[in-house]
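Protein chains in written order, with my numbering: chain A, 199 to 668; chain B, 199 to 668; chain C, 199 to 668; chain D, 199 to 668.
Even for Gly, the Cβ is constructed at its ideal location relative to N, Cα and C.
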């Protein structure tokens, strides 16, 4: 047991020595929190045999096998990229409607987002299921290389089975499916836009399925798979002029080029864990005219959001300096943000226990890096929840192989595991007040430590003092 | 007379002190050549009253007024951009065919280029008429802001009138119309591609009409309106990698950026008359992937082609250095060249005399800068010829105003002037061996001086010696 | 006569089409002014035979031959670079003192500047002689490759001869020698510093001798040999840090590098007549420490001072942008300015007539470009005056050959010519009120036109409008 | 015991995930090697009480207290920077000579290097003592902020004591002191130059004392304090020209600036553990002349020498590309290299035991990162050896505080500890064949693993494939 806790601590998201130093106390307190919860005992108790839950889980399996695996195959074969998933949501919402869910279409000004609430109920405990359905953009067109095609069917199976359990047992509560478009793209950042529009308000727990090459779960804490990210667009305007008299113009291409040069100039003044990468999306119209409009698109990443702000100050100043030097003007548009989410052992370990119980293959015994159940961190840092990842493919993420696996046994088997494990956990959450309390207690504790960590980072990231030149 | 020669010399195309120094002897010899030709006397003699010519000119005017102005209006109203002028050439070739011309479509692998040869004859003197028909790309779509819509009708009027004179008088000779697409665009450089395919082989003189805000003609010599130009595309390939591990990639965007930086670094090492301007046509695909392919498009200009070669060495080395520094690879594609053309006083002054005789307005008495009748220099430095420019607009070149004028009296009046003047000169060239000899003599003389000038420039543009560093 | 005026106009200092356009009216008025003065007739009248002047000129020649050529040789053989010319001024001031001049040493806070005023008189007409004595810095040490070594002796010969004429004839007036150090260096800009300290206040005319490969004089107007110049130093401060943790520092070397990059980026947005050239004078201390202080020194040049201001805005913004992008700070020090001076035909043509009369060789008949008698323009745009340049060398400026010639017949002969011509003109100015009035009239007229020209330039140099990016 | 081995493994020098992956097998084998040696038992046996050793150690202490601490104080008070330590080596060699050592001055072409061999003997076991004596360059001049001033006295005390033991006991063997200048500077890299000249040939073990804020020793393995380093100078030559005609020159300042730009451009294509930092040592001579010579000095660092080669390829290509783009030429001078050295537990743990026994304060119980006894790695990767570091200061390295401490009790006490511990270990090595064999066995084993590690790295550092652009 001791060893396991040790591993949990080790998976905290501090990637750099400075972060680790800043996190010293937080890591210790996180260890204390987890020890106090005795998650292993909790999981053992909650997941003990239960006939009602078995019935519900069996119903989810039945839905998958009878209709929803076929639906998943259909969506896989008709991929639609982000914010254009009209066919897909047509199929998903029709099925939900047919099973008693009320549909609110195009929530938060997103055409292909929707909310499906069982009989419109907001009662507590309020259970939420997030589903995604957008395909990837490949060189041969859209394709489901991330198996989002199965997320809807899996989530729907669980939601309907739980709805039926509520009907059957008269357990108080509600169940809502959130249709969230365009996970692979930004802008807009769909889940953040939905969160800010209040779409998830009042929800007590959220689950999501995501296909995976192995059966796994995150450790408890806060973090993200791939650093905190700012998506930023820099647009420059200059003045056009014929190439023969360029001095009558102001060159917006030189400006965008110097944005990159200026960033390169400070790469060694920025901590090496940063990842700053951009492209030029508009680079001028014709070689015989001084370009008067150009644009660049950047992803700026850092392990924590506190220093990320300093990195952004560098990149924004790079843009301002480029404009100043070239006599052009710049517009800075921070169009998207990805931030650390929260993951809780009380949810993750129960989910993992069920994933194994229902037949998950290629088990990763050690918990992974802490990370939220949504990629933006907006929802997963505000609402307790967990992502389910049974093994569903033998290929890496974002490949044609992963798409192909969605249509065969390896995918189908895993999707059914996910549906059952998700249903089981939701059934426990619906019916056990103690368990709900433990989940909330851990979640609140981690959020407090997350704040403490950020405060601590603010102190270690002091900026160097630059005197006036003499 | 003296004064006039002085002005001719003054209009030579030497834009820089170095060029003027190098051209010192050439300018003197050019003065001698022109003096020896006594162009004023020649023009007076050739253009003396002639009933046969009057008949031919009247026929051209009749064709314009009866049918071809209407054809010009039609083409003006149906603009087609370069290399897509299928409707336009359909109308033009149908008319030519109906008047006894044999059409060879899509010459030199250019879909909308054609050759129309009267009864297929190649007899000498072989007269040629170049016509253009492509529209400009405007923000509201294609438009005839350069009045190429009227070039076809004007040239066809002259060609048919001359063909009929040959039938009528049994004068030996031939007449050919060259349909040349895409003047406003490159690549491809249509006239150069046609020239290299041998399309103009055996032609003794070429005329072309081009609309203009004034009635004018170039001085004798060699030159171009807007410097010698190389169009060059630089394409870089790198290796893609996810933003999280950029060291597994090679960044083609950094390469193309450093192409620009490297050129900027040597701007002060290049003579200030150069104009080097580029755009980035491909700047990367996604901000979270190291760009593995980028491209830039440059126009590199210099007053003469000799130093232009050195400028190109700088820009090509800039590209090679960018690839070397970034671990990428570069492809250099010099997709187009514009060079000095030759203009002859024997042709230009006769053309100008007729432009005035037939009612050209807004006369510019002083000859303009020497320049060829085609914008690439490929044809006009190889075949004697002259461009006709009667005033046809009150607006500047490349404007909506100029397009509008094509449909009204100012345009119509000028087009008819051009058609008549062109017909008169072709009639003289067809029938007067002395005149043909004088034209050829001047043209050959200027070509020799042009070669001498380039040889002389090669000497003045010595490169600085850079010793090995110690 | 007409032809001569034509040439004068042609030598005006408008180097660019834009300047020429802006100067159109000014050039015409300058022509009117010069025509109204009838300088040829004036020179003929003023320089008519005059026994008193002959006596004075003979005395100057005697001083040169007996003592001052030897003094010039001595100074040539003991070269001292700018602001270190203590031996040289020791010799010069001792001789002046011995001939009745009162010495004020180290004027305007310049150790090796001095004023030598004959018997302390400030009476009018107040004649001034500027002398220079600094050597060049060569790879083998200081050397008199610009023959400043002879300026002192020549100017002293004239000053003493005039002083003696005043004594002899009791002509009212005064004569002052201005010892001006460091012509070849800045900062400080010695003559500007002296001018601003009021050293030249009340002087009516100033003469200066400068060695030359030919006997020549400037045309009337305003101008400079080598464009208007701003000398600017950019100093950057950052924060030091060990190479192992560069993010704890701010890199001042990156800043100064980006100053250059930023300037290169706008070279094509600046009119091509500009000359912007810099060096890095401080480039960091040790490769294992992030540089926290760097500096660059620039000469920024343009044909006129109006657009030069815009060029400076570009270079200063380049520095500010470099600091902004790199998180460093910058200090901008415009340590020196060279501006157009005024040259008057009434002085230049009389000087030229005497240079020829007293034996100047290698005569350049056509007047040169207008330019003041001092290189800064500070004095020569405020006080009428003229530089004397008899041929004194067969070598180009700033060469060891020119130094060698200072010690042989070619130098000696020219120095004596300069001394005599200078003396003759000063004698005329001292004694002829009409001549003085004509000089002042022309000078005032040119100054008015100079102002008009600058106002006119301000209008043509409009900046392009850059809209906000959308 | 187990725990201790675990720590040893943990201190291996693999700084990056890639290195750790490549080192997986090597780390395991290193653990096996260390376990097989049972160093703790060996140390216990070797350091068991021994009267002869006690006598020798007492003699070293006596020499320190009677004369050599005073000598250290004297050298501290007369600091001399690298390669200028003539006074210091005068004192050191005189003392050694007086105690029977034969001096070979200025070995390996280094004026202030020397070899002092006791009675000239090369017998085995051949013991070596490296001493350093150069001061740091501070803003107030040279100072002994690294306490090299005491290294000579400490090493001499041990060497003389051992020499006397050999005399006394007739133990076979020899003792040599190596005077190595300029540790704080390069070029030249003194120890590498001495090593390559064969100065250390035949030596069986080498010891060196280095002052420290704590009493410590390295773990066994290979490594360096501060990454592998290449010192590289890039010198560019161009062609000079006056600023008014820069096209007649080639700008070497633009070249050196683009060296930096090119490096910045690939910073994100280089693994983030690299440290590349440079300064501009020559940045042009005068702002009105195109700079024709510039130079930059770089330290290029990476945790291992295998990838360092790839980093150097980037920086060298950056220089070549800068020359190519600017028309200049470049010379690349890799003037110095710092590489991993080897440290052996058999030596380090015995040394540490004695440091503690003789009174070392501020003990660091855990072994430090593996690293050689010399900073270049040249000697310490070829000859077994160990550095002695008793606590001798309360200040950080390279400070005025550390210099001050050299003159007071904290320094003196530690120097005497170092001298005694060094003497004790040398006495053991001299007299115990078993111990010598164990040392050699471990050293050979580590060298084999070091080679294996480098081979393994060569495999993981594959370069990305860049296709030809299409």
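The alpha helix (DSSP H) with residue i in it runs from where to where?
i                     : result
residue 644 (chain A) : 631-658
residue 324 (chain C) : Segment 324-329 is the beta strand (DSSP E) holding residue 324 (chain C); no alpha helix (DSSP H) there.
residue 512 (chain C) : 503-524
residue 286 (chain A) : 284-296
residue 351 (chain B) : 349-367
Which one or two residues does DSSP pair with residue i in a beta bridge?
i                     : result
residue 529 (chain A) : A:433
residue 682 (chain C) : Because residue 682 (chain C) is not part of the residues shown, which for chain C are 199 to 668, the question remains open.
residue 475 (chain D) : D:497
residue 416 (chain D) : D:566
residue 428 (chain D) : D:498 and D:535
As a quick exercise: from the options, pick the residue whose alpha carbon is nearest that of residue i.
i                     : options                       : result
residue 221 (chain C) : C:663, C:647 and C:664        : C:647
residue 593 (chain B) : B:343, B:252 and B:261        : B:343
residue 585 (chain C) : C:610, C:532 and C:550        : C:550
residue 640 (chain D) : D:542, D:484 and D:601        : D:542
residue 451 (chain C) : D:369, D:458, D:452 and D:453 : D:458
residue 669 (chain A) : A:416, A:261, A:352 and A:249 : The structure shown does not extend to residue 669 (chain A), since chain A is modelled only from 199 through 668, so no value can be given for it.
residue 471 (chain D) : D:291, D:440, D:424 and D:567 : D:424
residue 393 (chain B) : B:294, B:248 and B:306        : B:306
Is residue i near the ligand FAD, going by C-beta to nearest heavy atom under 6 Å?
i                     : result
residue 455 (chain D) : In the structure shown, the ligand FAD is absent, as is every other ligand, since no ligand is present at all.
The beta strand (DSSP E) spanning residue i covers which residue range?
i                     : result
residue 244 (chain D) : Unbroken run through residue 244 (chain D) is the alpha helix (DSSP H), 237-244; no beta strand (DSSP E).
residue 372 (chain D) : 372-377
residue 403 (chain A) : 403-407
residue 585 (chain B) : 583-586
Inter-stretch contact (C-beta, 8 Å, three-pair minimum) for the stretch 549-561 of chain A and the stretch 377-396 of chain A: No: the two stretches stay apart, fewer than three of their Cβ pairs being nearer than 8 Å.
Chain A contacts made by the stretch 523-539 of chain C, where a contact means CB separation under 7 Å: For chain A, the residues of the stretch 523-539 of chain C that bring a beta carbon within less than 7 Å of one of its beta carbons are 523, 524, 525, 526, 527, 528 and 529, in chain order.
Proximal residues, the stretch 372-400 of chain A versus chain C, C-beta separation under 8 Å: Result list empty, no residue passes.
Residues of the stretch 421-440 of chain D whose Cβ lies closer than 8 Å to any Cβ of chain B, in chain order: Those would be 433, 434, 435, 436, 437 and 439, in chain order.
Touch test, the stretch 521-535 of chain D against the stretch 426-440 of chain D, Cβ-Cβ under 8 Å, three pairs minimum: For the pair of segments examined, the stretch 521-535 of chain D was found to touch the stretch 426-440 of chain D: the number of CB pairs separated by less than 8 Å reaches three.
Selection of the stretch 312-340 of chain D by Cβ proximity to chain C, strictly under 8 Å: Per Cβ criterion, the list is empty.
At least 3 beta-carbon pairs within less than 8 Å: the stretch 569-588 of chain D vs the stretch 409-420 of chain D: The stretch 569-588 of chain D makes contact with the stretch 409-420 of chain D: 3 or more CB pairs, one atom from each, lie closer than 8 Å.
Given 8 Å, three or more beta-carbon pairs between the stretch 251-264 of chain D and the stretch 620-628 of chain D: With the cut-off at 8 Å, the stretch 251-264 of chain D and the stretch 620-628 of chain D touch.
Within 8 Å of chain B by C-beta, residues of the stretch 444-470 of chain C in sequence order: So the close ones are 459, 462, 463, 465, 466 and 470.
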